[in-house]
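Residue numbers (my numbering), protein chains in the order written: chain A, 1 to 421; chain B, 422 to 758.
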Amino acid sequence: MNSPPDQISADVIRNVLDDGRLVVCVGPGGVGKTTTAAALGLRAAMAGRRAIVLTIDPARRLANSLGLQSLTNDPQQIDLATAATGEEATRYLTSTSPPGEHGDEDQDDADGKAEGSQQQDGELWAMMLDSEQTFDDLIDQYAPDKGALESARENNIYRLLSSALYGMQEYMALDKLHDLYTGGYFDLVVLDTPPTKNALEFLETPSRAATFFDERIIKWFLPDHSAGFFSRVFNPGSVVLKLVSKVLGESFVEDLVEFFDTFHYLQEALQQRGEMIEFILRDRQTHFFVITSADPRRMKEAYFFHEKLGALEQKADIFIINRVIPMFAAHDLAQLEDEDLDGMLEEHGLEDPDQARSIRKHLETHYARLAKLALRDRKAISSLATRVGDESIRLVPLLGEDVHNLSHLLKLSDFLTPLKD
Amino acid sequence: MLEQLLDKRLIFVTGKGGVGKSTVTAGLAHALARSKRRTLVLETDTFSAMEDLFDYSSPGLEPISINEYLYASNLSSEECFIATLRRFVPSERIARAIIKNRIARVFFRAAPSVNEVTILDQVRVFFEKTDDDGEPFYDHILVDLPASGHAVTFLNVPATMHGMMRGIGPIATMSGQVAELISDPATTAIIAVCLPEEMPVNETIELADNIDETLGRPLDLAIANMVHQAPLDAKNRPLFEEIHQQIREDYPGVESLFFDEEDERAESTAIARLIEGNALALGWADRDREYLELLYDRLSAPIVEVPIVYESSGTDVVDKLSRIFIGDSSDAASLTA
């Protein structure tokens, strides 16, 4: 079997969307990661799966393109039939064949809405993370009594944790992931992670969150009723603890004591969830997609993700390279005869030869710039290819339009993994 | 555009990931250094963009001199933490004991905001560094902040910490000092970099509001980066559209050229590629204009547009940007060429 790399990469994506349970999309910011995650979810839904896209990015247009006013902290189902207006969308939706064993049975239905056809089973859901709300929900779920949330809100450290905290989004995204994954309803979760450094923290978060609630640490701070708190913390033998309190200030330490006391019940839950999430991230059915653009700096970051994943004993299944400039080449200009364009301009009513020359020069100058960008993209891509292999790379051309309706999203998903004929 | 930054000693640059924030920061730093201002550029990321952009390798916390006026350092949270701790404990031996203590290490790593406070504190240390005459050593310190979703949170950590500790203890005092510095618009500037695209523009508008609300000070400047230039004057557009239309008729399926990766293609279709390429570029320029108008409409801070540059190596791009920022006339001319 000598399939071309292009076909292998399309098949990898298709297989993941058909059989995977979690796709984690990582990559630098500003490369269309959220949109790509949505397109992946859409393709999975078209293949008959119940897919949910969990994003952290408040992309209003993405919500609109899915036919929603806005995304919320609760899963919302995308009405694919209603959202798919336009000829293109209808064509894609109606030509979908479900994967695997169902593949050949239902060919293109006339209207795509045939009763009992397999694609009726597919669902696309989307949600956007609200970390504050998620934290509150978590407290609510594990609080011993109804007053717990109220008293929690009074605590300084809780307030800091739930609203201001750097890194909180990552803790909470994983918590939400845990719920979606273990909830049993969804076949596939597509997780859109925060960009760059945060995404790396994100992968390390399970252990980090558990660490914060590590029992050994909590023990320092929990009031011990047999011995006064201060006698405990200021154990004469513990120079280290004394200094911690000295640096952080006694009142902060007092708040910490209160915090750990109030949230004692959370410790076990968070730890269990943390372990579960680690388990999920290491599962065979979990896949990592690195999403980037062809810009050399972004590509470098993409490679950095690749190495980071390696360090975490993970592997990127595929590198999706978005917005690749079409193959405009400088030698096209050499092949052009001046008269070709001048003749066209004249045909369209431009008589002044100087003006024609000026327009031609402008167009040629700009084309040369595009060719420069195209070449730069190709170099960056081939340099990545030598390190990760051609078959791990999937190119998505720059389409020259924003994704702002479902038909654009379908077009994108078709570049990711073309529908089989 | 540099004039408005000359009296700001501390310049925070933020922006959504992928908008070229680090490149713009490097360009600004280079421009200031070229104007003979001693400039330090700081990063807070584990992944240093400056090393690539300025072609150097960072040895640690101590700034490395890139040229006579330009210095750079990447602030790793671990090293900042050690630096901060050393100031609070009586001896280095004890500082090391704390750092080596496994539980203390784990605690500080996991504890919220400790990283941010110590990084920003290190920024303050550089800010306060003086030369032999007691004058500030650095004329400007540029800080390449984390992506904007986090930037305000990041900058607000000292104020939050200060409040949370009720102003008591060394960390609280230190946090208070840093918070004061950040909220002082006379000394400190906050710049947002964005692209002329939907999400970055919307996020910049939200960011400006958020900075006002949370930090109690305005956003000083927005830089719209990588603005596509239209290949043609507006007056020639109708003619170009006609020609584009004709190309579409004469070369059916010309759009598939976009996805054709072959290098050697038919000579006869070269003109189709020329026209299609320029049509694509015009589309980008139009789309950029649309989002820039939204930005002008909704943002009260001044906006500087930086055209897309076609250099490929990081150092060339930075060089080009710095000349644009200085207002080098030859580059200004090339923008409209």
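Every residue gets a Cβ at the ideal spot worked out from N, C-alpha and C, and that includes glycine.
Excluding the 5 residues flanking it on each side, A/Asn-73 has same chain C-beta neighbours closer than 6 Å at Asp-130, Gln-133, in chain order. Contact check for B/Val-546 against B/Val-578 fails: the beta carbons are separated by 7 Å or more. When DSSP states are grouped into helix, strand and coil, B/Thr-608 belongs to the coil group.
Taken in chain order, the members of the stretch 705-729 of chain B whose beta-carbon sits within less than 9 Å of a beta-carbon on chain A are Trp-705, Arg-708, Ile-729. Using a Cβ-Cβ cut-off of 7 Å, A/Gly-30 counts as an interface residue toward chain B, since at least one Cβ of chain B sits closer than that to its own. For B/Ser-596 against B/Arg-638, the beta-carbon gap comes to about 17 Å, at or over 8 Å, which does not count as contact. For secondary structure counted as the beta strand (DSSP E) over 3 or more consecutive residues, the stretch 46-78 of chain A holds these complete runs in sequence order: 50-55, 76-78. In terms of CA proximity to A/Leu-68, A/Met-128 leads the group A/Lys-33, A/Met-128, A/Arg-394, A/Thr-36. The bridge partners DSSP lists for B/Thr-460 are B/Leu-491, B/His-561. With respect to chain A, the C-beta atom of B/Ala-691 has a partner C-beta closer than 7 Å.
Proximity of chain B to A/Gln-272 at the Cβ level (cut-off 9 Å) is not reached, the minimal Cβ distance being about 17 Å.
Burial is judged here by how many other beta carbons sit within 10 angstroms of a residue's own beta carbon; A/Ala-311 has fewer than 16 and is exposed.
For A/Asp-342, the closest of A/Asp-121, A/Pro-326, A/Lys-361, A/Gly-274 by C-alpha to C-alpha distance is A/Lys-361. Under the 7 Å criterion on CB atoms, B/Arg-638 is classed as non-interfacial with respect to chain A.
Taking the CA atoms as reference points, B/Ile-724 sits about 8 Å from B/Leu-716.
Per DSSP, A/His-366 is one residue of the alpha helix (DSSP H) stretching across 353-388. In this model, A/Val-290 and B/Ser-443 are separated by some 21 Å (Cα to Cα). Within the same chain, no residue comes within 6 Å of B/Glu-549 by CB-CB distance, once the 5 residues on both sides are set aside. Interface criterion met: the Cβ of B/Gly-438 is under 7 Å from a Cβ in chain A.
About 7 Å separates the CB atoms of A/His-404 and A/Asn-64; that is less than 8 Å, so the two are in contact. Beta-bridge pairing by DSSP links A/Val-24 to A/Leu-191, A/Phe-288. The stretch 660-670 of chain B and the stretch 464-483 of chain B do not touch, with fewer than 3 CB-CB distances between them shorter than 8 Å. At a cut-off of 7 Å between C-beta atoms, B/Gly-555 does not count as an interface residue with respect to chain A. Going by beta carbons, A/Leu-384 and A/Met-299 fall inside the 7 Å limit. Comparing C-alpha distances from B/Met-620 to each of B/Ser-733, B/Glu-489, B/Thr-465, B/Leu-713 shows the shortest one belongs to B/Leu-713. Rounded to whole angstroms, the separation of the alpha carbons of A/Trp-125 and A/Ala-51 is 6 Å. Approximately 12 Å separates the beta-carbon atoms of B/His-451 and B/Asp-749; this is outside 8 Å, ruling out the contact. Exposed is the label assigned to A/Ser-382, since fewer than 16 other Cβ atoms lie within 10 Å of its Cβ.
Contact between the stretch 311-328 of chain A and the stretch 355-372 of chain A is established, with three or more Cβ pairs separated by less than 8 Å. Between A/Phe-305 and A/Val-12, the C-beta spacing is not below 7 Å.
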